[in-house]
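If you use numbering that gives the first Met the number 0, the sequence shown corresponds to residues 0 to 244, in order. Heads up, the beta-carbon is just placed ideally off N, CA and C, and yes, glycines get one too.
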Amino acid sequence: MIVTKHIGKKILVIDDEKHIAEAIKLNLKMLGHEVVVGVNGLEGLNWWKEFSPDLVIVDLMMPEIDGIGVITEIRKRDLKIPILVISAKDQVKEKIRCLSLGVDDYLSKPFDLDEFLLRVDRLLTRSEWSQTEDLKMDKAEVQELESFTFGKNIIDFKNLKGQSSEGTFDLTLQEIKILKIFIANPNFPLTREEILEKALGYDRGVTTRTLDNFIVRFRKYFEVDAKNPKYFKSVRSVGYLFDPS
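Shown next as structure tokens:
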């Protein structure tokens, strides 16, 4: 048994082979982690939403929703949680497919226990680095901000002004409210409906095209190349993500 650098992490295992899932659960619990098991893709996604794990371990061949479907759904909402695939599929094309979907590591079954635990530990280390580097602030702190800087841009909340490499410009109160929602949720995909509701109190009957118009303006204000945005990014099938780094 390896010596882990991490204890008390929340780990979700999604695998319909119960003997494998339970063996993984037992060994991870022996290292001090909190572990839950989903026996198919649908149950696994429900646990992911409820459990908020630090790491997801998922098989590919499962009933209800397969591993690819699980990975796709998770990556729509969370781009950073580490995902480890364990699968009897050992073909290179399967590994490439998973990596292209945002999987962090791939281990073929059957696997050596020590190698598996080392990979888990490495992914948890990477996750901690990512969390440390995040600029995420408490939402109350964001509301109290007088200004915020990202790249060569400055947002002056107090005076409703923005500044970029192109100069200074005015911002509307609505723009300020939406920008604060992005700043409070850096590197996290948000739906158009969520942003409108949180920032402006719009109900779901309002067209989401309204937000698209705001994003067009933000890219014009703050991006060096509005057609290839660095800060205000589109997330396919979800909405938008603000990356202040």
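Limits of the unbroken alpha helix (DSSP H) element including residue i
i: V55; result: Premise fails: V55 lies in the beta strand (DSSP E), 54-57, not in any alpha helix (DSSP H).
i: K24; result: 17-29
i: F50; result: 40-50
i: T148; result: No alpha helix (DSSP H) contains T148, which is instead part of the beta strand (DSSP E) from 146-149.
i: I67; result: 66-76
Closest residue to residue i among the options (Cα-Cα distance)
i: L100; options: K17, R76, P243, T71; result: T71
i: T124; options: P243, K8, K157; result: K8
i: S236; options: T167, D155, R191, K92; result: R191
i: L44; options: V57, I182, E33, V34; result: V57
i: W46; options: A20, I13, E193, H32; result: I13
i: H32; options: E42, I6, S51; result: I6
i: T171; options: L189, L159, L112; result: L159
i: E165; options: G200, D89, F221, S146; result: F221
i: K79; options: K151, K197, P185, T209; result: P185
i: A183; options: E49, L240, V223; result: L240
i: S146; options: D120, K179, F115, L116; result: K179
i: E196; options: Y105, I177, E93, P188; result: I177
i: S51; options: M29, I67, G68, D77; result: D77
Where residue i falls, given that 16 or more other Cβ within 10 Å makes a residue buried
i: I73; result: buried
i: V91; result: exposed
i: A87; result: exposed
i: R218; result: buried
i: F110; result: exposed
i: M61; result: buried
i: R208; result: exposed
i: V215; result: exposed
i: D211; result: exposed
i: N227; result: exposed
i: R203; result: Legend: pLDDT at R203 = 48, less than 50; position of this residue unreliable, value from coordinates given subsequently. Classification of R203: exposed, given that the 10 Å Cβ count is below 16.
i: L134; result: Because L134 carries a pLDDT of 43, less than 50, the predicted location of this residue cannot be relied on, and the following value inherits that uncertainty. With fewer than 16 other Cβ atoms within 10 Å, it is exposed.
i: D15; result: buried
i: I194; result: buried
i: L54; result: buried
i: G200; result: exposed
i: F168; result: exposed
Near the ligand NAD: residue i beta-carbon under 6 Å from a heavy atom
i: W46; result: What this structure holds is no ligand at all, so the ligand NAD is not there to describe.
Cβ distance (whole Å) where residue i is taken to contact residue j below 8 Å
i: I10; j: V38; result: Not quite, the Cβ-Cβ distance comes to about 16 Å (not below 8 Å), so this is no contact.
i: V102; j: I82; result: 5 Å
i: E63; j: G40; result: 5 Å
Endpoints, the beta strand (DSSP E) within which residue i is located
i: D246; result: With the chain running from 0 to 244 in the structure shown, residue 246 is simply not present.
i: L83; result: 82-86
i: K197; result: Careful: K197 lies outside any beta strand (DSSP E), inside the alpha helix (DSSP H) at 191-199.
i: K9; result: 9-13
Beta-ladder partner(s) of residue i, from DSSP
i: Y220; result: Answer is none; Y220 lacks a bridge partner.
i: G161; result: I154, F168
i: D93; result: Looking at the sequence shown, residue 93 is not Asp but Glu. Paired residues: none, contrary to the question.
i: L240; result: K232
i: L106; result: I85
i: E33; result: K9
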